[in-house]
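Each residue of the sequence shown is one higher than the last, beginning at -18 in this note's numbering.
We put the beta carbon where it would ideally sit given N, CA and C, even for glycine.
These numbers were taken from a predicted model, which means no experiment stands behind them.
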Amino acid sequence: MIIWINGCYGVGKTETANRLHQKMKDSHIYDPEQLGYFLWHSFPASMKRRGDFQDIEIWREFNYKLIEYMYSHFDGHLIIPMTLVNMDYYRQTAGRLKEENKE
């Protein structure tokens, strides 16, 4: 099962994810923001951007692929605390997983 915790910034998604993780046997927290930080750090200087890494198409595609891979190979529950406000971005990540009956 994938549990995607979406909500306003600073509302307590990560804390909620941590508490769920403590209570749920065989669970794992995946934080999509870490991939964003990796991209910012790894890009050449001319490609580094400021702002929201959710705007980078490859961030959305990589997260979808990573989550789909974990879902297919991990016999447990994935907990994902991540705010997705842009509906197109939601459809490309969480929505796509939901359509495939993975969420």
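Three-state secondary structure (DSSP) of S27: By 1-based counting over the sequence shown, the position of residue 27 is 46. It is coil, neither helix nor strand.
Residues bridged to S8 (per DSSP): Locating residue 8 in the sequence shown gives position 27, counting from the first residue. Paired residue(s): H58.
Test item: CB-CB of I48 and L20 under 9 Å: In the sequence shown, residue 48 corresponds to position 67, counting from 1. In the sequence shown, residue 20 corresponds to position 39, counting from 1. In terms of Cβ geometry, I48 and L20 do not form a close pair [threshold 9 Å].
Residue of S27, Y71, F24 minimising C-alpha distance to Q35: Counting from one through the sequence shown, the residue named residue 35 turns up at place 54. Residue Y71 is the option with its Cα nearest to Q35.
Euclidean distance between Cα positions of T(-3) and Y18: Taking the first residue of the sequence shown as position 1, residue -3 is located at position 16. Taking the first residue of the sequence shown as position 1, residue 18 is located at position 37. About 22 Å.
Pairwise C-alpha distance: H58 and M5: For this step, residue 5 is matched to residue 24 along the sequence shown. For this step, residue 58 is matched to residue 77 along the sequence shown. Cα to Cα, M5 sits roughly 8 Å from H58.
Assigned exposure category for R0 - 16 Cβ within 10 Å defines buried: As a position in the sequence shown, residue 0 is number 19, starting the count at 1. R0 comes out exposed.
Contacts around P13, its chain only, beta-carbon distance under 7 Å, and the 5 residues preceding and following it disregarded: Residue numbering aside, residue 13 sits at position 32 when the sequence shown is read from its first letter. Answer for P13: N44, I61, M63, listed in chain order.
Where S39 sits in the DSSP three-state scheme: Position 58 of the sequence shown holds residue 39. With the sequence shown as reference, residue 39 is identified as Ile, and Ser is not the correct amino acid for it. Three-state result, I39: helix.
Start and end residues, alpha helix (DSSP H) containing D33: Here residue 33 is taken as the residue at index 52 of the sequence shown, counted from 1. Where D33 is concerned, there is no enclosing alpha helix (DSSP H), given that its DSSP letter is neither H nor E.
Pairwise C-alpha distance: N82 and Y(-10): By one-based count along the sequence shown, residue -10 stands at place 9. By one-based count along the sequence shown, residue 82 stands at place 101. Those two C-alpha atoms are separated by around 27 Å.
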